[in-house]
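The structure under discussion appears below in the form of structure tokens.
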Amino acid sequence: MKHIIYISFFFLVGLSQDTLAQTRLTYPSLDKSLLNVWLACENNDIEVITLSLDKTEKVWDNIKGKISREKVEHFDMNLVSKDLDQLMKLMRNSYVKKDYEQLKSYAYHFLWEFRSIRQCSFLETYPLDLLFNAYDLYTEIHYTIHDEMFGLREWTDFEDLVNDFICEYEAYDLIHDEEIMESFSGMDFTSHQNSKDKVANCLHNLLMSFESGYQRDFTLPCDELGHALLEMFDNYGKSINTSPVMSKGEM
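FYI, the numbering used here numbers position 46 of the sequence shown as 169, with every residue one higher than the one before it.
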């Protein structure tokens with residue numbers, strides 16, 4: 124019966140329209156350049172920050188007109204484009220002021236804006252969105268473990284948080300390489316698999332550390348998991364389109 128309901132739903136909304144909507148609302152080239160800004164700020168790599176921000180501004184200038192003309196239910200994309208244009212200027216101002224922590228925050232927010240639009244439009248298959256869903260939960264885990272008051276969480280609440288992270292990460296882990304290639308055709312899947320293996324190993328170590336019951340034992344495995352997740356994002360940032368044909372979402 125569940126399959127019948129799904130088929131009926133897609134029949135009503137039109138599968139082709141959904142595919143077109145997914146195409147309209149993903150911009151891999153912009154995401155890659157923003158990721159590189161975000162990661163470079165994380166690593167405090169000034170040279171890469173400079174190059175990545177310059178690239179991001181160029182990519183944005185090339186596609187913001189297209190974005191402003193998009194027709195998305197419940198969103199005025201012309202207004203969205205103008206707001207993001209101001210955000211891009213704030214990113215440049217933060218760079219000039221050498222406030223790289225703020226620049227990192229702005230880059231993340233820029234990525235989040237499109238994630239939120241896709242989520243509101245029920246477009247939930249973009250690989251980066253699934254990875255960020257898991258990473259956002261990881262940041263809550265990291266805060267809790269590193270906080271002296273354990274984030275004021277009960278242990279059962281913390282267990283639920285970890286389980287939520289595992290579920291979100293598994294949703295990403297189940298994506299086929301072909302689905303990633305639709306938007307990121309130049310992905311190095313050997314490096315990507317190595318990063319996934321690291322995440323799995325670090326997650327195992329974190330779960331094993333919980334058996335001691337001592338908060339200080341959780342810190343190192345938690346940090347190592349964070350590094351492994353950032354390495355996965357780096358795979359996307361370093362992916363290079365190997366074909367002159369534009370990735371799905373930018374055509």
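Using N, Cα and C, we set each Cβ at its ideal position, and we do this for glycine too.
Residue nearest to residue i in terms of C-alpha spacing, selected from the options
i, options, result
"residue 210", "291, 316 and 157", "157"
"residue 272", "234, 339, 155 and 345", "339"
"residue 294", "247, 326 and 329", "247"
"residue 286", "312, 306 and 257", "257"
"residue 174", "238, 215, 311 and 331", "215"
"residue 328", "351, 308 and 304", "351"
"residue 195", "292, 149, 334 and 344", "149"
"residue 232", "220, 255 and 221", "255"
"residue 205", "183, 259 and 275", "183"
"residue 292", "163, 322 and 332", "322"
"residue 343", "325, 334 and 353", "325"
Within 8 Å, strictly: CB atoms of residue i and residue j
i, j, result
"residue 341", "residue 268", "yes"
"residue 357", "residue 234", "no"
"residue 261", "residue 288", "yes"
"residue 179", "residue 160", "yes"
"residue 167", "residue 249", "no"
"residue 208", "residue 181", "no"
"residue 151", "residue 314", "no"
"residue 176", "residue 218", "yes"
"residue 298", "residue 284", "no"
"residue 300", "residue 319", "no"
"residue 165", "residue 227", "yes"
Paired residues, beta bridge with residue i - DSSP
i, result
"residue 198", "195"
Residue i beta carbon near the ligand NAP (any heavy atom closer than 7 Å)
i, result
"residue 207", "In terms of ligand content, the structure shown is empty, and the ligand NAP therefore cannot be addressed."
Local Cβ density within 10 Å of residue i, reported as buried at 16 or more and exposed below that
i, result
"residue 199", "exposed"
"residue 243", "exposed"
"residue 359", "buried"
"residue 290", "exposed"
"residue 362", "buried"
"residue 192", "exposed"
"residue 355", "buried"
"residue 237", "buried"
"residue 331", "exposed"
"residue 169", "exposed"
"residue 252", "buried"
"residue 275", "exposed"
Where the alpha helix (DSSP H) through residue i begins and ends
i, result
"residue 319", "312-332"
"residue 159", "151-166"
"residue 233", "223-243"
"residue 361", "342-361"
"residue 269", "250-269"
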